[in-house]
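Residue numbers (our numbering), protein chains in the order written: chain A, 5 to 287; chain B, 510 to 843. Every residue, glycine too, gets a C-beta built ideally from N, C-alpha and C. This one's a predicted model, so the numbers in the text were calculated from it and none came from an experiment. Worksheet for the structure shown next.
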């Protein structure tokens, strides 16, 4: 390699390094203004970020049927989550789920916008991991610690001591979908000391639970969706005469879908509802 | 004539046997392993027993519905073919079922039927009636078989598109997926309460259609000849249109659109009843019941994660049959 050529390569490399490290040299490196384009990351942001930090959230968070925080979003712009909307708002960081549309995320990254994807939760313990990830990214570790402390107190309160008797519980949602092992809902009812009906049926993940089987297996506690919503055939199971005759009000507990659709601090409300509901029924 | 009535009786008894067999089989099939024998051995035990609940509240409505919907479709197919004197007429093909679906969809998803369940069959009947009336005005009197089918296709696809539109308006996130039910039909997981609402209407429709046997026979001679035999054509027409609308409309309002039953059944049975529309009516009613019950048994036996819709099975049988008919009747149709 000739002398001049190595000089030239050297200069280019230094220039390149300078350009690359530009943001590091800047005084304040933490991004400040955030967008979330997913219902679950919306909730994490609302719990952890200060209101000034939030540029926009997804439109789902304003829907009282899907979002536990629909009351808390007044004044925050809600967007569909298209690249165009996000570009106009010029955020420092965008939060998305690992299930968010990859086309949108790739395009955002190509256009130079930072995107942080948060994995969807399949187990209670993952919620705290996600809280940490988001809190670190937005510089709100103190708030995260407060939230986690509250969670631990709640967990302590509802941790079941008795190990011998495990009552059977089952979830039933629209279109007869039920949650088995490998879902947040399973980990919540397992934490409370229940045996999930899915274990008896040898199925995992979300599975279709026919009405006949549900009635035949008769769980001790049935957690049904509570949807205040427009009519749909998917909800027919909740008003089926056979379900009403097989399960009395002492077995059925209504849990709104929205509080445990996502794994966020809001999900512990479901844990509390079920734990409290079961205690009441045992009295 | 004598030979015909002998064949007719034999056909009816074979069909009744089939319906009875499929009905029992339908009661024996489900995700839990209970069979009809468990039900028999149950005896006079308490009414909230699990076995009793599964049979009486889940499987019985399904079997009754399969039977009743099949009867409605078979009867309506036979009546429409006789009345329009068109071998391709069928509630599904000429858009009567889809239109009934559309009206039911509007009533159901708007929440109007939540307080007043009777509105569902009413909506279905209204939808079916308007489809028949529109079809008549579109195709005109004495229309060729092809014109009737074309007008029906137009009504059917228009209603289908409007169903999709109506479902998109719903605030419920699941509603859009339910277009599959409304366009392909199912009798799964219906309650006895819903069956009790639709069944009386279907029965009225059956009565009206079965009663029109004699004038239909007369109509095979031609309209003027039928009139000279003393039948008031306008009355006959009204009875057939309304009978079809009530039977198909109420059936569709609870089970969705199930196609091709009314096409296949009368054609298969016609040779056994000596081409007499009157005899064909009762035979097709039983044949339709047997076909829908059998299709509903098939969807439960096929090893799919999500149960197939009934219309898929009937279309798999019916569509090739429809094409065969077109080829067979090509000269008269085209």
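When rounded, the separation of the alpha-carbon atoms in residue 250(A) and residue 744(B) is 50 Å. Its chain contains 596, 597, 772 and 776 as the residues whose beta carbon lies nearer than 8 Å to that of residue 834(B), once the 5 sequence neighbours on both sides are disregarded; these appear in chain order. Here residue 102(A) is exposed. Its C-beta has fewer than 16 other C-beta atoms within 10 Å.
The alpha-carbon of residue 174(A) is positioned some 15 Å away from that of residue 260(A). At a cut-off of 8 Å between beta-carbon atoms, residue 813(B) makes no contact with chain A. In this structure, the straight-line span from the alpha carbon of residue 113(A) to that of residue 119(A) is close to 7 Å.
The count of Cβ pairs closer than 8 Å, one atom from the segment 664 to 684 of chain B and one from the segment 787 to 797 of chain B, stays below three, leaving the stretches out of contact. Of the residues assessed, residue 206(A) falls on the exposed side of the cut-off, its CB having fewer than 16 other CB atoms within 10 angstroms. Listed in chain order, the positions of the segment 207 to 222 of chain A with a beta carbon within less than 8 Å of a beta carbon of chain B are 212, 214, 215, 216, 217, 219, 220 and 222. Looking at the DSSP output, residue 98(A) bridges to 39(A) and 119(A).
The beta carbon of residue 804(B) lies closer than 7 Å to those of 819, 822 and 823 in the same chain, with the five residues before and after it left out.
Residue-level contact check: residue 607(B) does not touch chain A, since none of the beta carbons of chain A fall below 8 Å from its beta carbon. Counting along the chain, residue 211(A) sits inside the beta strand (DSSP E) bounded by residues 210 to 212. With respect to the C-alpha of residue 104(A), the residue from 284(A), 123(A), 92(A) and 117(A) having the closest C-alpha is 123(A). For residue 610(B), the closest alpha carbon among the candidates 799(B), 806(B), 802(B) and 757(B) is that of 757(B).
For the options 141(A), 227(A) and 218(A), the alpha carbon positioned closest to that of residue 254(A) is the one of 227(A).
Residue 235(A) has its alpha-carbon roughly 7 Å from the corresponding atom of residue 617(B).
Neighbours of residue 559(B) in chain A, taken as residues whose beta carbon is under 8 Å from its own, are 219, 220, 222 and 250 in chain order. Beta-bridge pairing by DSSP links residue 200(A) to 173(A).
Per DSSP, reduced to three states, the secondary structure at residue 124(A) is coil, with no helix or strand assignment. From the beta-carbon of residue 612(B), no residue of chain A is found nearer than 8 Å; the closest lies around 15 Å away. Beta-carbon to beta-carbon, residue 275(A) and residue 162(A) are separated by about 6 Å, close enough to satisfy the 8 Å threshold. At a cut-off of 4 residues, the continuous stretches assigned as alpha helix (DSSP H) that sit fully inside the segment 230 to 257 of chain A are 245 to 250.
The residues 765, in chain order, have a CB closer than 6 Å to that of residue 690(B) in the same chain once the five nearest residues on each side in sequence are set aside.
Straight-line measurement puts the Cα of residue 567(B) at about 9 Å from the Cα of residue 245(A).
Measuring C-alpha to C-alpha distances from residue 630(B) to each of 760(B), 816(B) and 770(B) identifies 760(B) as the nearest. In the three-state scheme derived from DSSP, where H, G and I count as helix and E and B as strand, residue 228(A) is classed as strand. Within chain B, the residues whose beta carbon sits less than 7 Å from that of residue 179(A) are 683, listed in sequence order.
Using a C-beta cut-off of 8 Å, the segment 599 to 614 of chain B makes contact with the segment 654 to 663 of chain B, since at least three inter-stretch Cβ pairs fall below that distance. If you ignore the 5 residues before and after residue 622(B), its C-beta comes within less than 6 Å of the C-beta of 616, 628 and 629, all in its own chain and listed in chain order. Linking residue 644(B) to residue 728(B) through their CA atoms gives a straight-line distance of about 20 Å.
Per DSSP, reduced to three states, the secondary structure at residue 168(A) is coil, with no helix or strand assignment. Listed along the chain, the chain B residues whose CB falls inside 7 Å of the CB of residue 183(A) amount to none; the nearest CB is some 16 Å away.
Residue 574(B) and residue 768(B) have their C-alpha atoms some 16 Å from each other. Where residue 563(B) is concerned, there is no enclosing beta strand (DSSP E), because DSSP gives it neither an H nor an E.
For residue 244(A), a Cβ of chain B is located within less than 8 Å of the residue's own Cβ.
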